[in-house]
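Counting from 8, one number per residue, gives the positions in the sequence shown under our numbering. A virtual CB, placed ideally from N, CA and C, is assigned to each residue, including glycine.
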Amino acid sequence: MKKIFLVLALLQFVSTMVLWSQDIKSGSVDLSSYPWEEGPVALNGEWELAWEKQITRPEGSGFFAEVPANWNNYKPDGESKIGSTGFGTFSLTVVLAEDSPPLALEINKLYNAYNLYINGVYSGGAGIAGTDKATTLPLYDSEIYPIPPGITRLEISIQVSNFHQYTGGFQEEIFLGEYKNIKSRWDLGRGMEMLLIGVSLALMLYYLVLYLFMREKTFLYFFIFTMTALIRSLVTESMFLQELFPFISWNVTVHLEYLTFAFLGIAMIVLLRSLYPEDVGKPPLLIFGVPSVLYGVLILCTSPLFFTSFISIQQIMLTFEILYIMYVGVLVTVRKRNSAIYTLVAVFFLLISFVNDVLNALLIIHSGAILSYGMLGFLLSMAFLLARRFTDDKKESDRLRKELEVSSKQLEDLFHEIREAGGSLSQSGEALSQSMVTADRVVDEITEHINEVNQEIVSQNQGLKETGEASALLNEFLGGLDVGIKRQSGETEKAAETISFLLEETGQLISRFKDMENSFSFLSSSSEKGEVLMEGLSQLATAISRRSENLVETNDLISGISSQTNMLAMNAAIEAAHAGEAGKGFSVVAEEIRTLAEQTALQSTESDKELKEILSEIKNMVDTSGSVETSFRDIHSGIQAFQDTIEKMKTVLDEQSTMGDAIRGSLSSVQMESDYVIRESGEIRGSSEKSQQSLDQLRTLSDRVNERVKEMLGSTEKLNSALTTARDMEQSTTRAISRLIALTKT
Numbered sequence: 008m009k010k011i012f013l014v015l016a017l018l019q020f021v022s023t024m025v026l027w028s029q030d031i032k033s034g035s036v037d038l039s040s041y042p043w044e045e046g047p048v049a050l051n052g053e054w055e056l057a058w059e060k061q062i063t064r065p066e067g068s069g070f071f072a073e074v075p076a077n078w079n080n081y082k083p084d085g086e087s088k089i090g091s092t093g094f095g096t097f098s099l100t101v102v103l104a105e106d107s108p109p110l111a112l113e114i115n116k117l118y119n120a121y122n123l124y125i126n127g128v129y130s131g132g133a134g135i136a137g138t139d140k141a142t143t144l145p146l147y148d149s150e151i152y153p154i155p156p157g158i159t160r161l162e163i164s165i166q167v168s169n170f171h172q173y174t175g176g177f178q179e180e181i182f183l184g185e186y187k188n189i190k191s192r193w194d195l196g197r198g199m200e201m202l203l204i205g206v207s208l209a210l211m212l213y214y215l216v217l218y219l220f221m222r223e224k225t226f227l228y229f230f231i232f233t234m235t236a237l238i239r240s241l242v243t244e245s246m247f248l249q250e251l252f253p254f255i256s257w258n259v260t261v262h263l264e265y266l267t268f269a270f271l272g273i274a275m276i277v278l279l280r281s282l283y284p285e286d287v288g289k290p291p292l293l294i295f296g297v298p299s300v301l302y303g304v305l306i307l308c309t310s311p312l313f314f315t316s317f318i319s320i321q322q323i324m325l326t327f328e329i330l331y332i333m334y335v336g337v338l339v340t341v342r343k344r345n346s347a348i349y350t351l352v353a354v355f356f357l358l359i360s361f362v363n364d365v366l367n368a369l370l371i372i373h374s375g376a377i378l379s380y381g382m383l384g385f386l387l388s389m390a391f392l393l394a395r396r397f398t399d400d401k402k403e404s405d406r407l408r409k410e411l412e413v414s415s416k417q418l419e420d421l422f423h424e425i426r427e428a429g430g431s432l433s434q435s436g437e438a439l440s441q442s443m444v445t446a447d448r449v450v451d452e453i454t455e456h457i458n459e460v461n462q463e464i465v466s467q468n469q470g471l472k473e474t475g476e477a478s479a480l481l482n483e484f485l486g487g488l489d490v491g492i493k494r495q496s497g498e499t500e501k502a503a504e505t506i507s508f509l510l511e512e513t514g515q516l517i518s519r520f521k522d523m524e525n526s527f528s529f530l531s532s533s534s535e536k537g538e539v540l541m542e543g544l545s546q547l548a549t550a551i552s553r554r555s556e557n558l559v560e561t562n563d564l565i566s567g568i569s570s571q572t573n574m575l576a577m578n579a580a581i582e583a584a585h586a587g588e589a590g591k592g593f594s595v596v597a598e599e600i601r602t603l604a605e606q607t608a609l610q611s612t613e614s615d616k617e618l619k620e621i622l623s624e625i626k627n628m629v630d631t632s633g634s635v636e637t638s639f640r641d642i643h644s645g646i647q648a649f650q651d652t653i654e655k656m657k658t659v660l661d662e663q664s665t666m667g668d669a670i671r672g673s674l675s676s677v678q679m680e681s682d683y684v685i686r687e688s689g690e691i692r693g694s695s696e697k698s699q700q701s702l703d704q705l706r707t708l709s710d711r712v713n714e715r716v717k718e719m720l721g722s723t724e725k726l727n728s729a730l731t732t733a734r735d736m737e738q739s740t741t742r743a744i745s746r747l748i749a750l751t752k753t
């Protein structure tokens, strides 16, 4: 195995060697003194580029562009870039010696169609290099073009067109060398690629068969990874897919190339997770898997011109994936996982080839793509890993087989002992079966006796219950009787107290009636005196009334005189006015008389009003005096009647006092009898309570006995169930022993 790894490492080193690199200046190079036996020379340097022209010989009309490089960054005028799409002609003049050996040009992929002209003669190409997208047919191809012998000035013109991809131009080296060296180098590279394809195909089918038979996911992941590596080998480098299936278009090829590039890293991570699940977690799968899936969807749904523009992002993503894979390889080696060294070696091959290809893609080095070799080393290392695991599994299987043989010998000895023990167990089983029958019969008899005892206890409990209910009713009656007697005694005491209080109040009432009789006697005499005084007052008021009427008549007379005087005064005033100056004095006297008459009339009116009011009050007083006199007479009559009533009430109260004394004596006798009944009732109730307690205790004991009987019945049922179970187990054990003996005899 170590020799195989050394051979692969040597092949990688040889493939990465740059034999010679000639620095071209200003579109020409002199190789007349170059020793061709040293190996091919890489034509790197300044080629003449006639942008947007298709010429067959160098014309000196273009600008000088560095090759190999991505022409997206070329600046024909020194300012603006030409972009990703377009066409142009790269030209180079090579000076050769007259005695140069047969030479050849090795041209790898050009992006993405070209026509080759040598000294103005069409020598081959890949696809159709047109002047626009409609006239251009892209195609990847690698070819060797022989150089006609005897040429001392070699003019190379390559018409390149790119309208279908994000990058264009020369991105890989063109080699010029001795034909046999170029051919042997070419054949070695294609042979290695065919080896990789064959190994990948064999491993892919092998893992598929393993998965179909063993249904283990690890083999499925190996199958997916080797299929990815196989497809990538077919669509890169020599592009054998186009040779095997010429009808497949460039569009399908480039899609497969970028799809395998997108899923290669995540396929390796999934494979490592299946091998080392404890070291490769789920988060890295999501972190790397989601972008890869998104980029794969982008590849499937868009044109190459669009999705190839994201190749730099995918290269960065793949870089992180390879670093993580390298981390896993170191981790499993440090943790000494099973066959971890093979994983580390596989990752090492993959890392070297990946770094080389990334540097080539960035045009930092020009060693050629070796990812195919790296994947070959990875696949072989994984194959050795599986082989090692199969070997370990085989050793473990042999160990288990030997342990099984020892166990079989021990089982034979154990079977012999089981047969001997089985015979003894059969005899013991028969004796146990007879014992079980006897135990069943005894249990049935015990159960029958317990049931009879239980029925007697139930009857006794019923009698105790009825006795207890009767005792409870008696206690309830005695309690009610006691309460009634106590209540009657209390009421009797209250009645006696009430009678005594009534007698006292009756005595006080008699005394008060005597006081009232004296008061009414005084009131009667006073009313008689009042009646006499009211008669005198009435007569006096009548006399005043008559005199007041006379005063009213006098006042009316004065009022009439005043009116006549006023009339006379007015007539005098009129006559004085007729007399003129002679009557002025008489006029003044007449005015004064009139004024006096008016005042007299006014006073007479007021006096009349006052007299009439006084007369009205006097009449009211006379009427009131008559009413008061009548009232005094009524009061006197009422007092006489009330005095008679008081005399009768005194007589009734005296009789009631005598009867109250008799009632109080009877109530005292009733109270004494009630106290005696209460004492007797208390004694009866005490005896009844003691009887009730005895009944309760007896019922409690009866309930306990009943519970114990029920527990005994439950125990007998459990015992019966246990005996049934034991009998079933005995029968089952007997059958098992019979089967065991039968098995040990075979």
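Exercise. Consult DSSP for G95 and reduce its assignment to one of helix, strand or coil.
Key: Numbered from its first residue, the sequence shown carries residue 95 at position 88. Note: G95 maps to strand in three-state DSSP.
Quiz item: Within 10 angstroms of its Cβ, does E724 collect 16 or more other Cβ (buried), or is it exposed?
Solution: Here residue 724 refers to the residue found at position 717 when the sequence shown is read from its first residue. Counting Cβ neighbours within 10 Å, E724 comes out exposed, since fewer than 16 surround it.
Quiz item: Since S168 sits in a beta bridge, which residues does DSSP pair it with?
Solution: Position 161 of the sequence shown, counting from 1, holds the residue named residue 168. Note: S168 sits in a beta bridge opposite F94 and A120.
Quiz item: To which residues of the same chain is S414 closer than 6 Å at the C-beta, ignoring the five residues directly before and after it?
Solution: To locate residue 414, count along the sequence shown from 1; it is residue 407. Within the same chain, S414 has no close Cβ partners at all.
Exercise. Using beta-carbon positions only, say whether W4 and L123 come within less than 8 Å of one another.
Key: Residue numbering for the chain in the displayed model covers 8 to 753; residue 4 lies beyond these limits and cannot be assessed.
Quiz item: Alpha carbon to alpha carbon, how far is V21 from I125?
Solution: Working through the sequence shown from its first residue, we reach residue 21 at position 14. Working through the sequence shown from its first residue, we reach residue 125 at position 118. Legend: pLDDT at V21 = 42, less than 50; position of this residue unreliable, value from coordinates given subsequently. Spanning the two alpha carbons is a distance of roughly 30 Å.
Quiz item: Can the beta-carbon of E162 be found closer than 8 Å to that of G131?
Solution: What you label residue 162 is simply residue 155 of the sequence shown in a count that begins at 1. What you label residue 131 is simply residue 124 of the sequence shown in a count that begins at 1. Contact flag unset, no.
Quiz prompt | Three-state class that DSSP yields for V341 in the structure shown | solution = In the sequence shown, the residue the question calls residue 341 occupies position 334. It is helical.
Quiz prompt | Alpha carbon of Q417 to alpha carbon of L407, nearest angstrom | solution = By one-based count along the sequence shown, residue 417 stands at place 410. By one-based count along the sequence shown, residue 407 stands at place 400. In a straight line, the C-alpha of Q417 is about 15 Å away from that of L407.
Quiz prompt | Endpoints, the alpha helix (DSSP H) within which L203 is located | solution = To locate residue 203, count along the sequence shown from 1; it is residue 196. Y186 to M221 is the span of the alpha helix (DSSP H), which, as asked, contains L203.
Quiz item: To the nearest angstrom, how far is it from the Cα of Y81 to the Cα of E185?
Solution: Position 74 of the sequence shown, counted from the start, is the residue given in the question as residue 81. Position 178 of the sequence shown, counted from the start, is the residue given in the question as residue 185. Y81 and E185: Cα-Cα distance of roughly 32 Å.
Quiz item: Can you give the Cα-Cα distance for D194 and S107, rounded to whole angstroms?
Solution: As a working note, residue 194 is residue 187 in the sequence shown. As a working note, residue 107 is residue 100 in the sequence shown. Using only the alpha carbons, I get a separation of about 23 Å.
Practice problem: For Y302, I'd like the list of residues in its chain whose CB is within less than 6 Å of its CB, leaving aside the five on either flank, ordered along the chain. | Solution: Your numbering for residue 302 matches position 295 in the sequence shown. Excluding positions up to five away in sequence, the list reads A269 and Q321.
Self-check item: Close Cβ partners of D148 (< 8 Å) along its chain, the five nearest in sequence each way excluded
Solution: Counted from its first residue, the sequence shown places residue 148 at position 141. For D148, where only same-chain residues beyond five positions count, the Cβ hits under 8 Å are K116, A133, G134, M246 and Q249.
Quiz item: How big is the Cα-Cα spacing for M24 and A49?
Solution: On the sequence shown, position 17 is the one that residue 24 refers to. On the sequence shown, position 42 is the one that residue 49 refers to. The predicted position of M24 is uncertain, since its pLDDT is 42 and thus under 50; a value taken from the coordinates is nonetheless stated next. If you take the alpha carbons of M24 and A49, they lie about 12 Å apart.
Quiz item: Can L271 and F229 be called in contact, C-beta distance under 8 Å?
Solution: Looking up residue 271 in the sequence shown gives position 264. Looking up residue 229 in the sequence shown gives position 222. Not a contact, by the Cβ cut-off of 8 Å.
Self-check item: Outcome for D735 when other beta-carbon atoms lying within 10 angstroms are tallied against a minimum of 16
Solution: For the purposes of this step, residue 735 is taken as the residue at position 728 of the sequence shown. Looking at its Cβ environment, which holds fewer than 16 other Cβ atoms inside 10 Å, D735 is exposed.
Practice problem: Classify K10 as buried or exposed, calling it buried when 16 or more other Cβ atoms lie within 10 Å of its own Cβ. | Solution: Counted from its first residue, the sequence shown places residue 10 at position 3. Caution applies to K10, whose pLDDT of 41 falls short of 50 and renders its modelled position unreliable; the value that the coordinates give is listed next. Exposed.
Self-check item: Counted within 10 angstroms of its Cβ, other Cβ atoms place F295 as buried (16 or more) or exposed
Solution: Here residue 295 refers to the residue found at position 288 when the sequence shown is read from its first residue. Answer is buried; the Cβ neighbour count reaches 16.
Quiz item: Closest by CA to A72, which one among T96, E53 and M221?
Solution: Mapped onto the sequence shown, residue 72 falls at position 65. When only C-alpha atoms are compared, the closest one is E53.
Quiz item: In or out: T159 buried (at least 16 other Cβ within 10 Å) or exposed?
Solution: Numbered from its first residue, the sequence shown carries residue 159 at position 152. Exposed: under 16 other Cβ atoms inside 10 Å.
Exercise. Round the Cβ separation of M336 and T350 to the nearest angstrom and send it over; I've been treating them as touching at under 8 Å.
Key: Start at 1 with the first residue of the sequence shown, and residue 336 comes out as number 329. Start at 1 with the first residue of the sequence shown, and residue 350 comes out as number 343. As written in the sequence, residue 336 is Gly, which differs from the Met given in the question. Yes, G336 and T350 are in contact; Cβ-Cβ is about 5 Å, under 8 Å.
Quiz item: On the premise that N77 lies in contact with K88, defined as a C-beta separation below 8 Å, what is that separation, rounded to the nearest angstrom?
Solution: By one-based count along the sequence shown, residue 88 stands at place 81. By one-based count along the sequence shown, residue 77 stands at place 70. The Cβ separation is near 11 Å, so there is no contact.
Quiz item: For the beta strand (DSSP E) that F70 lies in, which residues bound it at each end?
Solution: Stepping through the sequence shown from its first residue, residue 70 is reached at position 63. It spans F70 to V74 - the beta strand (DSSP E) in which F70 sits, taken as one unbroken run.
Quiz item: For S118, does the count of other Cβ atoms within 10 angstroms reach 16, so buried, or fall short, so exposed?
Solution: For this step, residue 118 is matched to residue 111 along the sequence shown. Residue identity check: residue 118 is Tyr in the sequence provided, not Ser. The residue in question, Y118, is buried, as its Cβ has 16 or more Cβ neighbours within 10 Å.
Quiz item: Mind checking G567: buried by the 16 CB within 10 Å criterion, or exposed?
Solution: Here residue 567 refers to the residue found at position 560 of the sequence shown. Exposed, since its Cβ has fewer than 16 Cβ neighbours within 10 Å.
Practice problem: Could you tell me the distance, in whole angstroms, from the CA atom of K289 to the CA atom of I31? | Solution: Within the sequence shown, the letter at position 282 stands for residue 289. Within the sequence shown, the letter at position 24 stands for residue 31. Cα to Cα, K289 sits roughly 52 Å from I31.
Quiz item: For A111, which residues does DSSP report across the bridge?
Solution: As a first step, residue 111 must be located in the sequence shown, where it is residue number 104. According to DSSP, A111 bridges with P153 and G184.
Quiz item: What does a CB cutoff of less than 7 Å around R280 pick up in its chain, not counting 5 residues either side in sequence?
Solution: Stepping through the sequence shown from its first residue, residue 280 is reached at position 273. Closer than 7 Å at the Cβ level, and outside the excluded window around R280, lie V287 and L292.
Self-check item: Contact under 8 Å by Cβ, T235 with L282
Solution: Position 228 of the sequence shown, counted from the start, is the residue given in the question as residue 235. Position 275 of the sequence shown, counted from the start, is the residue given in the question as residue 282. No, they are not a contact pair.
Practice problem: Please classify G52: does DSSP put it in a helix, a strand, or coil? | Solution: For the purposes of this step, residue 52 is taken as the residue at position 45 of the sequence shown. G52 falls in the strand class under three-state DSSP.
Quiz item: Is DSSP giving D106 helix, strand or coil here?
Solution: On the sequence shown, position 99 is the one that residue 106 refers to. Correct three-state label for D106: coil.
Self-check item: Inter-residue CB distance, M285 and I189 (contact presumed, cutoff 8 Å)
Solution: The sequence position of residue 285 within the sequence shown is 278, counting from 1. The sequence position of residue 189 within the sequence shown is 182, counting from 1. The sequence given here has Glu at residue 285, not Met. Actually they do not touch by this definition, with Cβ atoms about 51 Å apart.
Quiz item: How is T142 classed by DSSP in three states: helix, strand or coil?
Solution: To locate residue 142, count along the sequence shown from 1; it is residue 135. Coil, per DSSP.
Self-check item: Paired residues, beta bridge with G131 - DSSP
Solution: As a first step, residue 131 is located in the sequence shown; it is residue number 124 there, counting from the start. The partner list for G131 (beta bridge, DSSP) reads L123.
Exercise. Leaving out five residues on either side along the sequence, give the residues of the same chain with a beta carbon under 6 Å from the beta carbon of T267.
Key: Taking the first residue of the sequence shown as 1, we reach residue 267 at position 260. Cβ within range, chain order: T235, I238 and R239.
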